[in-house]
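Residue numbers (full-length UniProt numbering): 1 to 578.
These notes are about the structure you will find just below.
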């Protein structure tokens with residue numbers, strides 16, 4: 001295989017070819033898939049000369065009928081392109097004699113799905129090639145301005161790069177790009193959706209015309225056998241908590257009561273630069289559900305404020321991005337150490353916890369234009385706070401795999417009494433369970449298939465993520481304060497007007513002096529205080545609520561000043577004193 005490089009005002013391109021490949025094929029691929037709309041009659045190709053000098057130059061049509069070998073081109077040669085741009089759409093065919101309009105050839109860039117929406121972040125990542133740059137190495141035989149197969153950029157799904165950098169899973173968009181590279185090749189005339197949601201349920205409306213299961217079954221309605229493998233990609237690569245105090249405040253409930261706790265992670269999804277085309281979940285606050293806490297678990301109560309919480313999130317440009325729960329037990333040594341329950345010899349997430357994560361992921365599904373259904377899996381994450389092997393409190397982040405979502409939707413699995421095992425349900429009159437297998441390496445290191453019935457390791461449905469904190473707290477939207485956190489009544493913490501005024505008095509003094517705008521904005525930038533203020537007090541009207549949220553989001557002194565002078569805020573200060 002030979003690599004020929006082309007440099008133009010619109011970038012540098014690499015094309016693969018053989019010695020007997022007609023040069024017209026390379027030019028057509030450039031014009032159809034790489035370059036913007038150009039006037040092909042003006043296309044000039046400059047060949048390399050001795051040293052760094054430019055050699056002879058030809059009009060593209062003069063050399064189009066020659067092969068790569070006939071033109072004397074070698075692997076890694078760099079050709080310069082000059083041309084005039086055209087207002088007509090890109091897509092022409094170059095030969096030695098004729099220039100053909102693209103509409104007559106049917107050649108175009110790969111089609112993309114239409115009328116399907118997804119997040120702005122996903123749109124941004126779709127436009128990014130995600131190529132991994134490489135520096136000139138010992139095997140390179142060219143100058144600093146050259147490029148060869150040893151230093152050319154790698155695709156974001158490159159397995160060797162993944163292994164060298166200890167990346168366990170490639171990013172979701174790298175996975176989609178890899179599928180598209182084979183499914184929807186550049187220059188292809190049709191589009192095939194590279195993603196399809198897992199559907200393991202029997203079709204009760206079979207087009208063959210027979211009676212539905214259990215009275216009838218055929219190859220068209222019967223689901224195929226399922227082979228479970230560890231998912232090679234992950235929808236989110238990293239979970240970033242905006243500050244450590246937020247996590248400490250959440251763990252504080254266990255320290256005070258010895259009872260477990262669960263909360264909703266509020267934040268947004270952003271690019272994660274440490275992984276090619278990566279995504280991270282930025283967590284800015286933790287909302288604590290109504291719940292009954294126990295020393296070995298908890299019970300979620302009816303969440304009446306769901307619409308209020310999600311609505312306020314959206315107004316602040318945030319959304320629910322995950323859940324977090326504790327599984328902590330004091331080691332009894334008096335030094336603050338905890339028992340290590342989750343490790344490679346036991347489990348990392350139990351089967352019931354995985355299904356709990358699946359339910360949340362289905363609730364917050366991921367809109368995706370590359371899927372036939374317009375959605376695919378979820379970016380929702382699950383974090384577990386437990387003890388590590390050193391007896392320290394540690395956060396671990398996970399997601400359930402897309403296959404886990406499909407198995408749950410088809411009602412094929414349920415939790416097991418063994419936390420590290422997922423149980424496969426039996427076939428009934430209402431449920432058909434196909435053969436399910438999973439692959440593993442045996443004692444000889446050979447990959448083998450195992451029957452998943454009656455149960456299989458839960459790790460086949462689990463994807464691990466990295467987590468951490470930012471280098472600085474500048475990106476944090478909220479700050480932690482002493483204002484009571486919601487639904488902590490059993491700890492003696494309650495949100496009311498008295499606690500609100502105590503917070504204002506602590507922050508600004510008994511006279512509630514608001515001259516220091518930076519301090520005012522900082523004290524108001526607390527999720528729990530904002531939620532109580534906006535959704536529970538009803539003292540501020542809609543315009544004043546908008547000013548309050550803009551103050552927190554923008555830190556603009558003029559907006560803060562308008563808020564503090566508003567009648568609603570003045571009334572709030574008066575009522576809270578009472």
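Even for Gly, the Cβ is constructed at its ideal location relative to N, Cα and C.
DSSP, reduced to helix, strand and coil, places residue 317 outside both helices and strands of the structure shown, so it counts as coil. Nearest neighbour of residue 74 by Cα position, chosen from 6, 300, 208, 81, turns out to be 6. At a Cβ-Cβ threshold of 9 Å, residue 386 and residue 431 do not count as neighbours.
Its chain contains 183, 184 as the residues whose beta carbon lies nearer than 7 Å to that of residue 192, once the 5 sequence neighbours on both sides are disregarded; these appear in chain order. Contact between the segment 351-365 and the segment 401-416 is present, with at least three C-beta pairs closer than 8 Å.
Residue 120 and residue 320 have their C-alpha atoms roughly 16 Å apart. Looking at the backbone, the Cα of residue 368 and that of residue 410 are separated by about 21 Å. Between residue 246 and residue 377, the CB-CB gap reaches or exceeds 9 Å. Nearest in C-alpha terms to residue 327, of all of 62, 297, 302, is 297.
By the criterion of a C-beta distance shorter than 6 Å, residue 82 is surrounded in its chain by 44, once the five residues flanking it on both sides are discounted.
Within the model, the alpha-carbon separation for residue 78 versus residue 46 is close to 9 Å. Residue burial is scored here from C-beta neighbours: residue 264 has at least 16 other C-beta atoms within 10 angstroms and is therefore classed as buried. One Cα belongs to residue 483, the other to residue 536, and the distance between them is close to 14 Å.
Sequence-distant Cβ neighbours of residue 21 in its own chain, meaning closer than 6 Å and more than five residues away, are 68. Secondary structure note for residue 122: its alpha helix (DSSP H) is the uninterrupted segment 120-127. The three-state secondary structure of residue 270, taken from DSSP, is strand. Judged by DSSP secondary structure, residue 249 falls within the alpha helix (DSSP H) whose first and last residues are 244-257. If you draw a straight line from the Cα of residue 261 to the Cα of residue 450, it is about 37 Å long. Contact between residue 503 and residue 529 holds: their C-beta atoms lie close to 7 Å from each other, under 8 Å. A direct Cα-Cα distance of roughly 27 Å separates residue 85 from residue 123. Nearest in C-alpha terms to residue 391, of all of 269, 315, 340, 441, is 340.
When DSSP reads this structure, residue 451 sits in a beta bridge with 437.
Cα atoms of residue 356 and residue 379: separation of roughly 15 Å, rounded to the nearest angstrom. Here the C-alpha atom of residue 481 lies approximately 7 Å from the C-alpha atom of residue 526. By the neighbour-count criterion, in which 16 or more other beta carbons inside 10 Å mark a residue as buried, residue 220 falls on the exposed side.
When C-alpha distances from residue 334 are compared across 255, 167, 181, 360, the shortest belongs to 255. Assigned with DSSP and collapsed to three states, residue 162 falls in helix.
As the crow flies, the alpha-carbon of residue 314 is around 16 Å from that of residue 281.
In the DSSP assignment, residue 396 falls within the unbroken beta strand (DSSP E) covering 393-400. Shortest Cα-Cα distance from residue 531 to any of 34, 549, 147, 522 involves 549. Where residue 169 is concerned, there is no enclosing beta strand (DSSP E), because DSSP gives it neither an H nor an E. Closest option to residue 287, judged by alpha-carbon separation, among 141, 303, 134, 42: 303. Between the segment 434-441 and the segment 471-479 there are fewer than three C-beta pairs closer than 8 Å, too few to call the two in contact.
Taking a cut-off of 8 Å for Cβ pairs, the segment 202-210 and the segment 305-312 do not touch, as fewer than three such pairs fall below it.
For residue 552 and residue 546, the gap between their C-alpha atoms comes out near 10 Å. Short of 6 Å from the beta carbon of residue 12, and not among the five residues preceding or following it, lies no beta carbon of its own chain.
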